[in-house]
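Take 1 as the starting number for the sequence shown in UniProt numbering and just add one per residue.
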Amino acid sequence: MIELKIPKEQIVDAMKSGNLDVLTVIPAEEVLDKGLRYVRSIIDETETKTKRTAFWKYFVRTWTKRFDMSLWNVSQMRRNNVSMTNRTNNPLEKYNRDFAARIGAPHPRILVFIEAAKKEAHSYVKLLNDIKHGRQSAPAHARSVNVEVPGEYTAFE
Numbered sequence: 001m002i003e004l005k006i007p008k009e010q011i012v013d014a015m016k017s018g019n020l021d022v023l024t025v026i027p028a029e030e031v032l033d034k035g036l037r038y039v040r041s042i043i044d045e046t047e048t049k050t051k052r053t054a055f056w057k058y059f060v061r062t063w064t065k066r067f068d069m070s071l072w073n074v075s076q077m078r079r080n081n082v083s084m085t086n087r088t089n090n091p092l093e094k095y096n097r098d099f100a101a102r103i104g105a106p107h108p109r110i111l112v113f114i115e116a117a118k119k120e121a122h123s124y125v126k127l128l129n130d131i132k133h134g135r136q137s138a139p140a141h142a143r144s145v146n147v148e149v150p151g152e153y154t155a156f157e
């Protein structure tokens with residue numbers, strides 16, 4: 001969306017809970033028709049039609065053709081009552097950013113990388129031992145969120 005120069009406010013709107021993420025919980029067989037029409041009806045698409053059309057073409061090409069929908073759409077798992085805990089990858093992104101900052105270069109020499117990885121592993125082993133022996137508390141995690149299919153989607157024609 002950013003590469004297409006879609007305004008930040010519209011990106012934020014599209015990414016709000018209950019908007020674009022609805023496509024991950026509705027029946028996979030409905031994503032390409034009813035799902036896309038529903039999401040387009042609730043997000044702000046006042047920007048030029050060309051930019052939005054380019055985004056939706058990218059979405060369909062990448063997330064329904066290149067990658068199987070079962071990789072990101074959990075409707076079948078929900079039908080089968082599979083217990084799921086879903087969190088974003090933000091903690092992983094933060095870890096990668098912090099680790100890269102400790103290394104100090106985008107493409108370090110292999111020995112620099114190995115040394116940093118060894119230090120990182122040592123600090124995690126120490127943390128786990130400290131938690132195990134009560135010297136430290138385990139880090140808190142964000143609550144998981146259970147996204148349901150909105151009633152508005154069910155009623156949408």
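From the three backbone atoms N, C-alpha and C, an ideal C-beta is built for every residue, glycine too.
Straight through space, the alpha carbons of residue 80 and residue 129 are spaced by roughly 38 Å.
Within the region 56-85, the complete alpha helix (DSSP H) segments at least 4 residues long are 75-79, listed from N- to C-terminus. Our two residues, residue 118 and residue 103, have alpha carbons roughly 12 Å apart in a direct line. Only residues of its own chain outside the window of five on either side were considered, and among them 99, 102 have a CB closer than 8 Å to the CB of residue 120, listed in chain order.
The C-beta distance from residue 73 to residue 28 rounds to 5 Å, short enough to meet the 8 Å contact threshold. If you draw a straight line from the Cα of residue 24 to the Cα of residue 75, it is about 7 Å long. Taking 8 Å as the upper bound for CB-CB distance, residue 19 and residue 2 are not in contact here, some 17 Å apart.
Spanning the alpha carbons of residue 132 and residue 148 requires a straight line of approximately 37 Å. Residue 58 is classed as exposed because its beta carbon has fewer than 16 other beta carbons within 10 Å across all chains shown.
Note on residue 35: 16 or more other CB atoms within 10 angstroms of its CB, so buried under the neighbour-count rule.
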